[in-house]
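One structure is given here, and the rest of the page talks about it.
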Amino acid sequence: AEATIKDFGLVAVQSGWELHVGGNGGIKVRVTDLLTRVESDEEAIEYVGAYCQLYREDALYLERTAPWIDRVGLSFVTEQLVDDEANRKALHARFLVSQLKTQNDPWKERAEGAQNHQFEVITQ
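In our numbering, the protein residues as written are 132 to 255.
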């Protein structure tokens with residue numbers, strides 16, 4: 132239920148995923164709009180990245196996703212992401228490039244053993 136008041140919500144269904152956009156919690160609640168349904172995790176991930184990039188490129192400075200969807204309309208987002216596969220893939224590719232320098236895996240150092248010294252026995 133909470134996925135339907137988020138900026139981007141994924142709801143697992145028997146046939147795959149429902150993708151919901153433009154929700155808002157808090158004082159002014161806005162229920163999401165159904166963007167589309169996809170069958171695979173990979174498709175869902177592509178849509179999430181493309182949606183984030185479209186929002187980054189089109190929204191006004193400090194504009195939240197719910198007011199952005201209200202301003203541009205769900206039809207604009209649908210045209211950009213659902214109806215235009217090439218554009219969706221291009222948006223997703225730009226999103227991935229934007230994350231190369233900013234996306235940090237919080238578990239990478241621990242998995243590589245960078246902090247193993249914290250768990251070594253201290254000898255005197």
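Don't be surprised by glycine CBs; every beta carbon is placed ideally from N, CA and C.
Just so we're clear, the structure is a prediction, and the values are computed from it rather than from any experiment.
Candidates the options: closest to residue i by CA position
| i | options | result |
| --- | --- | --- |
| Q159 | F207, K137, N247, H151 | The question names Gln, yet the displayed sequence has Lys at residue 159. Closest by alpha carbon: K137. |
| F188 | P237, N218, D172 | The sequence as given places Glu at residue 188; Phe does not occur at that position. Of the listed residues, the one whose Cα sits closest to E188 is N218. |
| T135 | W148, E173, R161 | R161 |
| R202 | A190, L141, V213, A242 | A190 |
| Y259 | D172, A143, G204, Q246 | Here the chain comprises residues numbered 132 to 255, so residue 259 is not present and cannot be evaluated. |
| K220 | S206, W238, Q184 | Q184 |
| F139 | I200, E173, I253, N247 | I200 |
| D172 | E194, T209, V142 | V142 |
| E216 | Q234, E174, H151 | E174 |
| T209 | Q145, V144, H151 | H151 |
Within 9 angstroms, strictly: CB atoms of residue i and residue j
| i | j | result |
| --- | --- | --- |
| T196 | G244 | no |
| Y182 | L231 | no |
| Q246 | E240 | yes |
CB-CB length for residue i against residue j, believed under 8 angstroms
| i | j | result |
| --- | --- | --- |
| G156 | E170 | Wrong, their Cβ atoms sit about 28 angstroms apart, outside the cutoff. |
Which residues DSSP lists as bridging residue i, in chain order
| i | result |
| --- | --- |
| H151 | G140, L165 |
query = Would the segment 155-169 and the segment 177-196 be scored as touching if the rule is three or more Cβ pairs under 8 angstroms?
reply = yes
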